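Asker: Take this structure, written in structure tokens, and hold onto it; I'll ask about it next.
Protein chains in written order, with our numbering: chain E, 21 to 414; chain D, 228 to 384.
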């Protein structure tokens, strides 16, 4: 089969949930199918600043076609239209479409390529409903399109223009049952055929967590956060909670942060920022940590939480995020907090009872092994593509 | 729940719902016993304040409107030249704006900056006062409900 993946940005060095999900699945399927990625030249998710050249390249065995971004995101315009659409003011469907345009990335060349080359592909796997790249391409190839919405419990999913949009593709692949439920409620009428695929994670071989701690000067037990350090990821909340937690003086721990920072990090002796971590360093940091904390209130799937469970580490997540709470309960891999008091109580409990923390980590690992291996995931995607082809043949 | 037995069981087979119920029970018991530590109260208050004060929406509160009805209280952010003297007055305003003000900008600008800072502080503090008023309203309602539900204590047998 010839499969095209359509995504707003793509690259081996790009850190982002949906981007990583897309890249790893494209690489897995490329072993058995002809796979191409159709994307933009953008590298920055805030401004869509171009970080790649237009044209064709190969990344880890996958052909990547990049198309120019016509204009960067106008942040003032984006804030204005977001305020209009999301803060309870009366607005129209045209305003909502203007929000998608302002969200970007704006790449007419990508949309044109998809329109003109539709016949050359058996299926288009299109990522992230909220971006203009999905909005512009999916309607052009609806009968061959499989949408991976990566929808989160945030206001965008309830925009009226997406009610019909979610009914357009030939199939939908969800990351979690919570996301399936969310999109099912947001869509008008019944959804197209769908499946929950999740994600599979691989742990690099020959890790050296103790060496990592020494190299990075981490001499105290620590709680780890890995990902974009961003207000939308709950990091501001985490900083406040952690600093207040330390004032209680029950445990002598550091908070270690890894990832790109889009938020100023408090200048505090117990908060240590390591910058971008390679895949190997990330796993070494996870193995050397006491627990992994994920404060994000909005997640469609949090890969680093799955990675922590795969590594057998316990997690502490924001209970306001239905996906993280649901996964923690299903996997039995970690605890969650709904308030500052619960954050403190859960931190104390996990640090006081490492044997229970280890048991939670083991349960998380067993859950990952039973449900999230590549063989399960690729089989579900191939099955969905086969179903869309069969539906077209009728 | 026997804590020791539970911990032993969770070491073999952890149950997230049970552990969360256990943690919530500990919080509730501490609070019921009045053992809400001073630093916990301070932390909750500090978090509550920071959530209100960092709120992005800088829109006006109901208090703004109430204060408006009491008179002119808002800081003037820029020099405001106006006249009721007709043509001669308008010439005076033009002279003040375009002749007298420009060489005095160095004096006016710090005052404008301070007025702007004061205005932002006012917005935040008024939001805080309004939120506290709401909280008092909620607590009053809760207290009234509890008083209604709880039989009055008397000394009589």
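Don't be surprised by glycine CBs; every beta carbon is placed ideally from N, CA and C. Model, not experiment: these values are computed from the prediction.
Could you name the residues of the segment 371-384 of chain E whose beta carbon sits closer than 7 Å to any beta carbon of chain D, in the order they occur along the chain?
Answerer: Hits within the stretch, in order: 373, 375, 376, 379, 380, 383.
Asker: Could you run through the segment 247-276 of chain E and flag, in chain order, every residue whose CB is less than 7 Å away from some CB of chain D?
Answerer: Here the close residues are 260, 264, 267, 268.
Asker: Is the number of C-beta pairs between the segment 233-243 of chain D and the segment 361-377 of chain E that are closer than 8 Å three or more?
Answerer: Because the criterion of three Cβ pairs below 8 Å is met, the segment 233-243 of chain D and the segment 361-377 of chain E touch.
Asker: At a cut of 8 Å, does the segment 314-334 of chain E reach the segment 342-355 of chain E through at least three beta carbon pairs?
Answerer: Yes: the two stretches touch, three or more of their Cβ pairs being nearer than 8 Å.
Asker: Could you give the distance in angstroms between the alpha-carbon of residue 357 (chain E) and the alpha-carbon of residue 206 (chain E)?
Answerer: For the purposes of this step, residue 357 (chain E) is identified with residue 337 of the first chain, where counting begins at 1. For the purposes of this step, residue 206 (chain E) is identified with residue 186 of the first chain, where counting begins at 1. So the alpha carbons of these two residues sit roughly 27 Å apart.
Asker: Who are residue 123 (chain E)'s beta bridge partners in DSSP?
Answerer: Counting from one through the first chain, the residue named residue 123 (chain E) turns up at place 103. Answer is none; residue 123 (chain E) lacks a bridge partner.
Asker: Give the single residue among E:66, E:55, E:159 whose Cα lies nearest to the Cα of residue 34 (chain E).
Answerer: As a working mapping, residue 34 (chain E) is identified with position 14 in the first chain. For the residues E:66, E:55, E:159, the minimum Cα distance to residue 34 (chain E) belongs to E:66.
Asker: Only counting runs of 3 or more residues, tell me where the beta strand (DSSP E) segments fall wholly within the segment 54-121 of chain E, in order along the chain.
Answerer: You should have 54-60, 75-79, 82-87.
Asker: Could you tell me the boundaries of the beta strand (DSSP E) in which residue 25 (chain E) lies?
Answerer: Numbered from its first residue, the first chain carries residue 25 (chain E) at position 5. Residue 25 (chain E) -> beta strand (DSSP E) spans 22-26.
Asker: Grouping DSSP H, G and I as helix and E and B as strand, with all else coil, what is residue 265 (chain E)?
Answerer: Indexing the first chain from 1 puts residue 265 (chain E) at position 245. DSSP places residue 265 (chain E) in helix when its eight states are reduced to three.
Asker: Quick one: what does DSSP say residue 336 (chain E) is sitting in, helix, strand or coil?
Answerer: Indexing the first chain from 1 puts residue 336 (chain E) at position 316. Three-state DSSP puts residue 336 (chain E) in a strand.
Asker: Please list, in chain order, the chain E residues whose beta carbon lies closer than 8 Å to that of residue 254 (chain D).
Answerer: Taking the second chain and counting its residues from 1, one reaches residue 254 (chain D) at position 27. Correct list: 361, 362, 365.
Asker: Got a sec? Which residues, its chain only, sit under 8 Å from residue 162 (chain E) by beta carbon, not counting five neighbours each side?
Answerer: Residue mapping note: residue 162 (chain E) aligns to position 142 of the first chain, counting from 1. Result list for residue 162 (chain E): 188, 189, 190, in chain order.
Asker: Could you pull the DSSP bridge partners for residue 215 (chain E) from this structure?
Answerer: The residue labelled residue 215 (chain E) in the question sits at position 195 within the first chain. Looking at the DSSP assignment, residue 215 (chain E) forms a beta bridge with E:193.
Asker: With a 10 Å radius around its C-beta and 16 neighbouring C-beta atoms as the bar for buried, classify residue 395 (chain E) as buried or exposed.
Answerer: Your numbering for residue 395 (chain E) matches position 375 in the first chain. Exposed is the call here.
Asker: Counting only Cβ-Cβ distances shorter than 8 Å, please list the residues of the segment 286-302 of chain D near chain E, keeping chain order.
Answerer: Hits within the stretch: zero.
Asker: Would you kindly check if the distance between the Cβ of residue 365 (chain E) and the Cβ of residue 385 (chain D) is under 9 Å?
Answerer: Since the displayed chain D opens at 228 and closes at 384, residue 385 (chain D) lies outside it and no answer follows.
Asker: How about residue 383 (chain E) and residue 352 (chain E): are their beta carbons less than 9 Å apart?
Answerer: Along the first chain, one-based indexing puts residue 383 (chain E) at 363. Along the first chain, one-based indexing puts residue 352 (chain E) at 332. In contact: residue 383 (chain E) and residue 352 (chain E) (Cβ atoms closer than 9 Å).
Asker: Evaluate residue 359 (chain D) with the Cβ neighbour count: other Cβ atoms within 10 Å of its Cβ, from every protein chain shown; 16 or more gives buried, anything less gives exposed.
Answerer: Mapped onto the second chain, residue 359 (chain D) falls at position 132. Residue 359 (chain D) is exposed by the Cβ-count criterion.
Asker: Taking Cβ to Cβ, would you say residue 126 (chain E) is nearer than 9 Å to residue 152 (chain E)?
Answerer: The sequence position of residue 126 (chain E) within the first chain is 106, counting from 1. The sequence position of residue 152 (chain E) within the first chain is 132, counting from 1. Going by C-beta atoms, residue 126 (chain E) is nearer than 9 Å to residue 152 (chain E).
Asker: Starting from residue 242 (chain D), find everything on chain E with Cβ-Cβ shorter than 8 Å and list it in chain order.
Answerer: The sequence position of residue 242 (chain D) within the second chain is 15, counting from 1. The answer, in chain order, is 352.
Asker: Quick check on residue 357 (chain D) - is its C-beta less than 9 Å from some C-beta in chain E?
Answerer: Indexing the second chain from 1 puts residue 357 (chain D) at position 130. No, residue 357 (chain D) does not count as interfacial toward chain E.
Asker: So that I know if they touch, is there some Cβ in chain E lying closer than 9 Å to that of residue 259 (chain D)?
Answerer: Taking the second chain and counting its residues from 1, one reaches residue 259 (chain D) at position 32. Chain E contact via Cβ: absent.
Asker: By the criterion of Cβ-Cβ separation under 8 Å, what are the contact partners of residue 348 (chain E) in chain D?
Answerer: Reading the first chain from its first residue, position 328 is the one you call residue 348 (chain E). Near residue 348 (chain E) (Cβ distances below 8 Å), the residues of chain D are 243.
Asker: Name the chain E residues that come within less than 9 Å of residue 234 (chain D), Cβ to Cβ?
Answerer: Reading the second chain from its first residue, position 7 is the one you call residue 234 (chain D). Those are 373, 375, 376, listed as they occur along chain E.
Asker: In the DSSP assignment, what are the bridge partners of residue 357 (chain E)?
Answerer: Here residue 357 (chain E) refers to the residue found at position 337 of the first chain. In the DSSP output, where bridge partners are listed per residue, residue 357 (chain E) has E:338.
Asker: Looking only at its chain, what residues have a beta carbon closer than 8 Å to the beta carbon of residue 383 (chain D), apart from the 5 residues adjacent to it on each side?
Answerer: To locate residue 383 (chain D), count along the second chain from 1; it is residue 156. Caution is warranted here: a pLDDT of 48 is assigned to residue 383 (chain D), below 50, making its placement in the model unreliable, and no coordinate value can be reported.
Asker: Taking only beta-carbon atoms, is residue 269 (chain D) less than 9 Å away from chain E?
Answerer: Looking up residue 269 (chain D) in the second chain gives position 42. Judged by the 9 Å Cβ criterion, residue 269 (chain D) is in contact with chain E.
Asker: For a minimum of 4 consecutive residues, which ranges assigned as the alpha helix (DSSP H) are wholly contained in the segment 276-310 of chain D?
Answerer: Segments of the alpha helix (DSSP H) lying fully in the segment 276-310 of chain D: 289-297.
Asker: Between the segment 50-66 of chain E and the segment 21-29 of chain E, are three or more C-beta pairs nearer than 8 Å?
Answerer: The answer is yes - the segment 21-29 of chain E touches the segment 50-66 of chain E, with three or more Cβ pairs under 8 Å.
Asker: If we cut at 9 Å on Cβ distances, does residue 355 (chain E) have a partner in chain D?
Answerer: As a first step, residue 355 (chain E) must be located in the first chain, where it is residue number 335. At least one chain D Cβ lies under 9 Å of residue 355 (chain E).
Asker: Take residue 341 (chain D) and list the residues in its own chain whose beta-carbon comes closer than 8 Å to its own, dropping the five residues that flank it on each side.
Answerer: Position 114 of the second chain, counting from 1, holds the residue named residue 341 (chain D). Around residue 341 (chain D): no qualifying Cβ.
Asker: Going by other Cβ atoms of all chains shown within 10 Å of its Cβ, with 16 needed for buried, is residue 232 (chain E) buried or exposed?
Answerer: Indexing the first chain from 1 puts residue 232 (chain E) at position 212. With 16 or more other Cβ atoms within 10 Å, it is buried.
Asker: Give the DSSP bridge partners of residue 144 (chain E), in chain order.
Answerer: One-based indexing of the first chain puts residue 144 (chain E) at position 124. E:24, E:165, per the DSSP bridge assignment.
Asker: Sorted by chain position, which residues of the same chain lie with C-beta nearer than 6 Å to residue 280 (chain D)'s C-beta, five sequence neighbours on each side aside?
Answerer: Along the second chain, one-based indexing puts residue 280 (chain D) at 53. Same-chain partners within the cutoff: 351.
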